[in-house]
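Using the UniProt record's numbering, the first residue of the sequence shown is number 1, and each one after it goes up by one. Below you'll find the structure, written out as structure tokens, and then a few comments.
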Amino acid sequence: MLVLGILGSPRKGGNSELLLSAFLQGAKEAGGEIKIIRVAEKNIFPCIECGKCEEKGLCPIPDDMQEAYTLLKKADLIVLATPVFFCGVTAQLKAFIDRCQTLWIQRYVLNIKDEKQHFGFLLTVGASKNKNLFVGVELTAKCFFTSIGAEYKGMLGFKKIETKGDIKHHPTALKKALLKGRKLIKEITC
């Protein structure tokens, strides 16, 4: 079972990365094969809405998304990890998600069916304690997973996490992520 972690944070070693690492460790312990795309380290241009993907389902932009498309199609479980930036995902992750229009076109316009079953999960952190902190991020994640044909399996979100390393001091966050990684692999493979 291939588990693809997509790290949306531009901060190296930040809270989203630590949370994703814990989740992926749990998934690995349960038998998952792990791959990670660190979006901020990739050369990914934003969608230019050229419409070329509508012809053959292929994006003509020659960048690192071509490799990402392959991994997204192979992955059984896709895990988005992002901090909240103004009620949404990071700019880097948003560009990545927008470029997945190609996969939506393949699936829903050109009827190129992917017989593989995919699942999606969201990990997120934010500085605020606002009750609606994760609404925008979760909506974007749900739309992304639906667009690529992945069944949304939920999220773990942690509030009042801002400074680099804050997640280490949260009483349950890393443990919950580890356990969720284990549990999801077992749930999906049964």
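A virtual CB, placed ideally from N, CA and C, is assigned to each residue, including glycine.
- For ALA81, DSSP records a beta bridge to LEU7 and LEU123.
- Separation of the CB atoms of ILE188 and MET1 is rounded to 7 Å, and the pair is thereby assigned contact status at 8 Å.
- Each of ALA30, ILE6, GLU17 and SER16 was checked against the Cα of LYS180, and the nearest Cα belongs to ALA30.
- Residues of the same chain with a CB within less than 6 Å of the CB of GLY5, apart from the 5 flanking positions on each side, are LEU20, LEU24, ILE36 and VAL79 in chain order.
- Spatial neighbours of CYS59 in its own chain (CB-CB distance under 6 Å, excluding positions within 5 residues in sequence) are listed in chain order as CYS53 and THR102.
- In the pairwise beta carbon analysis, the stretch 67-77 is classified as touching the stretch 116-132: at least three pairs are separated by under 8 Å.
- By the neighbour-count criterion, in which a residue is buried when 16 or more other Cβ atoms sit within 10 angstroms of its Cβ, GLU17 is buried.
- LEU72 sits away from LEU123, with the two beta carbons spaced by 7 Å or more.
- Secondary structure note for PHE145: its alpha helix (DSSP H) is the uninterrupted segment 135-147.
- Distances from the CA of VAL137 to each of LYS56, GLY88, TYR152 and ILE167 were compared; the closest alpha carbon is that of GLY88.
- Annotation for ILE188: the continuous alpha helix (DSSP H) segment containing it runs 173-189.
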